[in-house]
Amino acid sequence: MANIPENLHYSKDHEWVEVKDGVATVGITDYAQHSLGDVVYVDLPRVGDNLASHEAFGSIESVKAVSEVFTPVAGEIVEVNDDLNDTPESVNADPYGAAWMIKVKMENALEADAMLNAAEYEEYLSENE
Amino acid sequence: MRYIPNSPEERGEMLKLVGLDSAADLFRSIPGDVQLNRALKITEPLAESELISGMEKLADKNTAAKRPSFLGAGAYSHYSPTVVDHLIQRSEFFTSYTPYQPEISQGTLQYIFEFQTLVCQLTGMEVANASMYDGSTALAEAVLMAQRVTRKDKVIIAQTVHPEYLEVTKTYTQHGDLKIETLHFDNESGRISADDLSNLDDKCAALVIQSPNFFGCIEDVKALADKAHSVGALLILVVTEAISLGLLKSPGECDADIVVAEGQSFGIPLSFGGPYLGLFATKEKYVRNLPGRLVGVAYDKNGNRGFVLTLATREQHIRREKATSNICTNQGLIALAATIYMETMGKKGLQEVAVQNAQKAAYAARRISEIEGFSLPFSAPKFNEFVVRAPKSADEILSKLLSEKAIVGGLSLSRYYSDNPNDFLVCVTETSSREQIDNLVEGLKEISK
């Protein structure tokens, strides 16, 4: 059973978002990392790039495949987790913590409210199993 | 003996099936006035011995190949040990294409791995790919790679880079958002001055230089690399004469970020412009942005060594729109020839060839500069090529030298640079004998009188 923390927002592309003071932290879910398998490389954008909702901002390379990661919310990238360059395996080990990917200064602070909550995401996963 | 595998009956059946009366009907859509409508003008069938002697007669008409030549400028005459040709003609190598189901072709992957290793040792860089088409397309790929790494769109290319490499780079990148600016050289030294880089700024993805440059002059690579790095740009070093790497300080030691080279000098004969071989090496931190194929070494669960294609996600058959390049092949056989050449020569052999080149060129340069009216316009140190300034038009002197003395004296620079019509480029390698050099000097003396 995938780990789905209560306090986060979820997308159907299996990203999570945590909003604090209008800044969204984005990563991928436990379910996503498990599906990808061992992650060997994470390609991230640069601070200052502007993203539209659902735009691809980077890619995750696992031993199985390369997958794009999409931002659920629009805005400017204010921080990027450069630690993932050296420790891509933390995407598998700690997807909701050490493996956060980008922080986005949200154009619309309410955008994340339209996303799935933990219960809805869990239901979405069980429907799509 | 006929070489058409199907019989007239079988062809008749096929035609009947598609509803045609004759094979000629297949060409109906081609307008009659562009069809040949007659037999080719070739002789009747010949016996094998007649054919060979006929071909020999034709080959004898090609006197150009026998004339002493002092042409260089990106295509160099070097001695290639016979083992190179012998080994590459083994059918396992000669007939195999770049591996698309790679791991089944361990032999191919192993020699590519050896090639990459040798290119790294030679250039002093950390990672090299499985090769590119040639030096000029490798440069175009290097420029695009610098654009990806730095996310900047301006590239400065020194005017002392081979003009045809510049043209290829412009052609290759013309539909992207790359801006190419050129950088003038110093008229006294014949190279780029590190103090004169006014258009190098923080908008630059890369500074591109060549050493030895198009005039044969050795650039101050380290100083130029430092300048490029001071504004966050990469230093791309072009090497058109790979033999020079046997003598000069390695690009890695000079802190170049990307090295592209033409590998023709390594066991690949001069043959009307091809096939050539692009070498491409960089620092490990840029490996994700490298174009082309890359072979790595791996171990299976029993600890046996094997070779694999690695980091293939950069390539277009994985994610076309995100690929680092359109290239998904390499110069397999030619890279093998270069590998065998380098392994045969060894470090010491390569150094010896390089030293011979430099010494013979220095002798030729000194002798030519002693002829009345002739001079060497550029003061920078040289490898095996140098510019000569003649007392009259270089085109005229070179054409007389050819018609009266049967010597190909060099390359007139007027086709690339209009300012000095009397300048020409002379290349001297280990294949030029002392007698040939002396004849060149005597020829120039007589013709310029």
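Line order of the protein sequences matches chains U and G. Residue numbering for the first sequence follows my numbering, starting at 2 and increasing by one per position. Residue numbering for the second sequence follows my numbering, starting at 25 and increasing by one per position. The beta carbon of each residue, even a glycine, is placed where N, CA and C say it ideally should be.
* Asked: Cβ atoms of K406(G) and E454(G): under 8 Å apart, would you say?
  -> In this structure, the beta-carbon distance from E454(G) to K406(G) does not fall below 8 Å.
* **Start and end residues, beta strand (DSSP E) containing L460(G)** => Before going on, a small fix: residue 460(G) reads as Gln here, not Leu. Element bounds for Q460(G): not the beta strand (DSSP E) but the alpha helix (DSSP H), 458-472.
* Give me whichever residues DSSP pairs with I61(U) in a beta bridge. => V43(U), S68(U)
* Please list the residues of the segment 46-69 of chain U that have a C-beta atom closer than 8 Å to any C-beta atom in chain G, keeping them in chain order. => Those residues of the segment 46-69 of chain U that come within reach of chain G (Cβ to Cβ, closer than 8 Å) are R47, S60, E62, V67.
* Asked: Is any beta-carbon of chain U found at less than 8 Å from that of T337(G)?
  -> yes
* Asked: Are three or more beta carbon pairs between the segment 279-286 of chain G and the segment 256-269 of chain G nearer than 8 Å?
  -> yes
* Asked: Do the CB positions of H10(U) and I29(U) come within less than 8 Å of each other?
  -> no
* Please specify which runs of the beta strand (DSSP E), each continuous and at least 3 residues long, are wholly inside the segment 270-307 of chain G, giving them in chain order. => Taken in chain order, the whole beta strand (DSSP E) runs of length 3 or more contained in the segment 270-307 of chain G are 282-286, 302-306.
* Asked: Can you list the residues of chain U that R344(G) reaches, using a CB-CB cut of under 9 Å?
  -> Neighbours of R344(G) on chain U: none; closest Cβ ~12 Å, over 9 Å.
* Flag R317(G) as yes if its beta-carbon sits less than 8 Å from any beta-carbon of chain U, otherwise no. => no
* Asked: From L435(G), A404(G), S120(G), pick the residue whose C-alpha is nearest to that of G214(G); which is it?
  -> A404(G)
* Per-residue burial, K176(G) [other beta carbons within 10 Å of its own, 16 or more giving buried] -> buried
* Applying a beta-carbon distance threshold of less than 9 Å, which residues of chain U neighbour R172(G)? -> Those do not exist, as R172(G) stays about 11 Å from chain U at its closest Cβ, beyond 9 Å.
* **Segment limits, beta strand (DSSP E) that includes Q234(G)** => 228-234
* As assigned by DSSP and simplified to three states, the class of V106(U) -> Before going on, a small fix: residue 106(U) reads as Lys here, not Val. Of the three classes helix, strand and coil, the one that applies to K106(U) here is strand, per DSSP.
* **Contact under 8 Å by Cβ, F58(U) with P73(U)** => no
* Between the Cα of M149(G) and those of Y310(G), E37(G), E376(G), Q234(G), spot the shortest distance and give me the residue it belongs to. => Y310(G)
* Can you give the beta carbon distance from L207(G) to I242(G), rounded, assuming they're within the 8 Å contact cut? -> Wrong, their Cβ atoms sit about 17 Å apart, outside the cutoff.
* To do: Return no unless some Cβ of chain U is closer than 8 Å to the Cβ of Q175(G).
  => The sequence shown places Arg at residue 175(G), not Gln. Chain U, which has a Cβ nearer than 8 Å to the Cβ of R175(G), makes this yes.
* To do: List the endpoints of the continuous beta strand (DSSP E) containing V332(G).
  => From DSSP, the beta strand (DSSP E) with V332(G) extends over 329-333.
* **Delimiting residues of the beta strand (DSSP E) encompassing R413(G)** => Residues 409-413.
* Just tell me which of N61(G), E37(G), L41(G) has its CA closest to the CA of A48(G). => N61(G)
* Asked: Taking the beta strand (DSSP E) that A182(G) falls in, what are its first and last residues?
  -> 178-182
* **Straight-line gap, V377(G) to I292(G) (C-alpha atoms, nearest Å)** => 15 Å
* Contact set for Y547(G): own chain, Cβ-Cβ below 6 Å, skip 5 residues either direction -> Nothing in the structure corresponds to residue 547(G), since chain G is present only between 25 and 473.
* To do: Kindly indicate which three-state DSSP category G159(G) falls into: helix, strand or coil?
  => helix
* For S54(U), which three-state DSSP category applies? -> coil
* Less than 8 Å between the CB atoms is what I'm expecting for L400(G) and T348(G), so what's the real figure, rounded? => Not quite, the Cβ-Cβ distance comes to about 42 Å (not below 8 Å), so this is no contact.
* To do: Determine the burial state of E112(U): buried for a count of at least 16 other Cβ atoms within 10 Å of its Cβ, exposed for fewer.
  => buried
* Asked: When the Cα of D44(U) is compared with those of K13(U), A53(U), P89(U), E123(U), which residue comes out closest?
  -> P89(U)
* Helix, strand or coil for I5(U), going by three-state DSSP, please let me know. => coil
* Asked: Is the segment 79-97 of chain G in contact with the segment 425-441 of chain G, if contact means three or more CB pairs nearer than 8 Å?
  -> yes
* Asked: Mind checking T363(G): buried by the 16 CB within 10 Å criterion, or exposed?
  -> buried
* How is S93(G) classed by DSSP in three states: helix, strand or coil? -> strand
* Roughly how many angstroms lie between the CA atoms of V107(G) and D50(U), to the nearest whole one? -> 55 Å
* Chain-order list of residues whose beta-carbon lies under 8 Å from that of D210(G) (same chain, five-residue window excluded) -> I216, S217, D220
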